[in-house]
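**Student:** So that we are looking at the same thing, I have put the structure below in structure tokens.
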Amino acid sequence: PSLSLIISDVVGDPLETIASGPTVPDPTTYQDAINYLREYNIWDICPEGVKKHLNRGLEGEYPETPKPGDPIFERVFNFLIATNRMVCLAAQEEGRKRGLKTLVLTTFLEGEAKDAGVLVSGIAKEIFYYNRPWKKPIVAILGGETTVTVRGKGRGGRNQELALSAALKIRGVEGVVIGSVASDGIDGFSNAAGAIIDGQTIDEAKRRGLDALSYLLDNNSTAFFESIDDCLIFTGPTGTNVNDLVFIAVV
């Protein structure tokens, strides 16, 4: 028998995707690979060796990877031992031990980091102003992993970009703190794990002559937070990766 103990860094924990799923059936085919390359307009610029290999696989010269139902997997056992869901639930439990009303909203947070920041800030303001869908005080936890489409020339990471985007939206709101952190302790091209902001972050930046929006548009969140005290979160490398966590604290 074969036993795999799996740490998931993929949202939703699809076993065939985590570390390319070496011990689970692969539902994809050579044709799928070619279709994806064509869909994203990559096929024409692929190295000839790659195209030749895929075409030979399509013609049956190379075998497909083992598929669901293949007897090779009859004695293979796969166990998830660390996931984003697990770490979010652990954070929820730790918060409750400390006497805080804490709950996990989702472990499927994805999309552009700056858009996720708008979403997270909207949840925070709904709770703060209207006590919907939960009454304050509360700590809400979101897990997952966002992405950054880089258009600027700055330094940053998805968690810092999410936090900066959220800071712009909760400017002036008292009683709200939002933190976003990478579980591996490394956020993008920085030595920070993430950042924490509140309703005063943008005004503090303005007092220091910083234009927060221009930093966001330049994907320069690290430089922005380096210019403000006590916003960056430093944990150092944690030695594992189960995606990201976002915390919304409302009092």
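Per the numbering used here, the sequence shown starts with residue 29, numbered consecutively.
Note that CB positions come from ideal geometry on N, CA and C, so glycine has one too.
Note that this is a predicted model, so its numbers are computed, not measured.
Measuring alpha carbon to alpha carbon, tell me which residue in V38, K129 and G185 is nearest S249.
**Tutor:** S249 has its Cα closest to that of G185, out of V38, K129 and G185.
**Student:** Do the segment 223-230 and the segment 197-210 touch if we need at least three Cβ pairs shorter than 8 Å?
**Tutor:** Enough Cβ pairs lie closer than 8 Å, so yes.
**Student:** Quick check: T268 and A221, are their CB atoms within less than 8 Å of each other?
**Tutor:** No; because the gap between Cβ atoms is not below 8 Å, this pair is not in contact.
**Student:** Check whether the segment 83-98 touches the segment 125-134, taking contact to mean three or more Cβ pairs, one atom from each stretch, closer than 8 Å.
**Tutor:** Not touching, per the Cβ criterion.
**Student:** Which runs of the beta strand (DSSP E) at least 3 residues long sit entirely within the segment 187-272? Give them in chain order.
**Tutor:** If we require 3 residues or more, the beta strand (DSSP E) runs fully inside the segment 187-272 come out as 204-210 and 222-226.
**Student:** Would you mind giving the Cβ-Cβ distance between I276 and V148, rounded to the nearest angstrom? I have them listed as a contact below 8 Å.
**Tutor:** So it is a contact: roughly 6 Å between Cβ atoms.
**Student:** Taking a contact to mean a Cβ-Cβ separation below 8 Å, would you say A141 touches L190 in this structure?
**Tutor:** Against a cut-off of 8 Å, the Cβ pair of L190 and A141 comes out as a contact.
**Student:** Ends of the beta strand (DSSP E) at G172?
**Tutor:** Per DSSP, G172 belongs to the beta strand (DSSP E) from I166 to G172.
**Student:** Touch check for the segment 91-105 and the segment 63-83: three-plus C-beta pairs under 8 Å?
**Tutor:** Too few Cβ pairs lie closer than 8 Å, so no.
**Student:** Hey, which unbroken runs of the alpha helix (DSSP H) at 4 residues or more fall wholly within the segment 81-149?
**Tutor:** List check, alpha helix (DSSP H) in window: 112-125.
**Student:** Who pairs with F275 in a beta bridge, going by DSSP?
**Tutor:** Answer is I169 and G207.
**Student:** For E102, count neighbouring C-beta atoms within 10 Å of its own C-beta (all shown protein chains included) and say buried if the count is 16 or more, exposed if not.
**Tutor:** Its Cβ having fewer than 16 others within 10 Å, E102 is exposed.
**Student:** Look up L33 in the DSSP assignment and say whether it is helix, strand or coil.
**Tutor:** If DSSP states are grouped into helix, strand and coil, L33 belongs with the strands.
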